[in-house]
Structures are given as C-alpha cells and as structure tokens.
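**Student:**
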Amino acid sequence: MAGALAGAGIVWQTPANPPEAQDYIFRNGRRYVRPYYFEFISHAKNRWAGKTIVDLFTDEFKGRPREYYVHAVKCGRLQVDEQMVHADYIVKSSQKISHFLHRHEPPVLGGNIVILQNEVDVVTVCKPASVPVHPCGQYRKNTVVGIMEAEHGLTPLFRILCFS
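For the sequence shown, position 72 matches number 136 in the working numbering, and the numbering has no gaps at all.
1) Take residue 93 as the anchor and find which of 173, 208, 218 has the nearest alpha-carbon.
2) Please state the DSSP three-state secondary structure of residue 117.
3) Short of 6 angstroms in beta carbon distance, which residues of its chain neighbour residue 206, apart from the five on each side in sequence? Order them along the chain.
4) Determine the contact status of residue 116 and residue 155, defining contact as a CB-CB distance below 9 angstroms.
5) Less than 8 angstroms between C-beta atoms, sequence neighbours within five positions excluded: which residues of the same chain meet that for residue 130?
6) Which one of 175, 125, 213, 149 has the shortest CA to CA distance from residue 191?
7) Tell me which same chain residues have a C-beta within less than 7 angstroms of the C-beta of residue 145, skipping the five on either side of it?
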C-alpha cells in the first residue's frame, strides 16, 4: 500500500521519511503535526498463529471495534506479508502484519526544546512538560526525539535519565 500511494503526494512517516520541520504547525501556543500515513508493522507471535486476522486484531488491539478491522482487511489497510487477505485469513507464526493508518497526533505545548549542552555523544535538553520523550501511544512526531530530528537533524537519539 505504501508503494501505491508514494507517488500521490501522500506523506508517510517511515525511517526513509523521518520528521521534517515543515511537518509542524504552530497555533495558539501549541505545536501541531500535519496528518500523515503510517505503517504499523508486527510479526505474528506464536500465540497469534491459527487465529483469523480479524479475530487477532479484535482480541489484541481493543481500541477499535471488530467492524473496523473487517473493513480494514477489505480495503487493504490490514495486510499479511505485503498482500491483501480475506477477513477469514488464518495467520501463521512470524508472518509480517501491516496496519496502514492515517494519523492525527494530539498537539503539545509549542515552546522550543532548548538544547542545554551538545557534546559529541551527549545532547542535554530542557523538555516541555507536555511533550513525550520518544514515540508512544498517539505520538510519533510530536516527541522530543521526533522534534530534535526534524529541527536539528539529530539522530539516533536515546534517552538517559539523570537525577541530580
């Protein structure tokens, strides 16, 4: 699906298309992310083997109703090994399962992430309270890691907690 949409001017968030400064919009003191498409990838665990693709997603990812997953399979937003499948497809262990989504991230406070110190191997920042450190939940680009990559080209970044 990513290949089919790549030429259509659609923004994908992938390692090949990391966050960029133009992905962000500032309004009323908040930082918004322009909507984008994202491919969630998982490899089927042994305990998933033998379940239908719809039952697997309904049981494991409870944030959406069963009808959503049935529709996602029918329109190709849920794929197995980069192929469209039927709703009654039986998943096998280790298969690549892709879920293509159109993402709208919640806004965070619009202040800058101040770099306190930038050494060869360590970057120290002052993080706004509402900004997650790394991709999690509904956030991928509106994180310290995403913003630092977009605004300063800093990658890869790893979190180290320090308490004084």
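Idealized CB from N, CA, C, for every residue including glycine. Owing to the predicted nature of the structure, the values given are computational and were not obtained by experimental measurement.
**Tutor:** In this structure, then:
1) 173
2) helix
3) 97, 169, 172
4) yes
5) In chain order, 118, 122 place their CB closer than 8 angstroms to the CB of residue 130, counting only its own chain and leaving out the 5 sequence neighbours on each side.
6) Out of 175, 125, 213, 149, the CA that lies nearest to the CA of residue 191 is found in 175.
7) Only 159, 160 meet the Cβ criterion.
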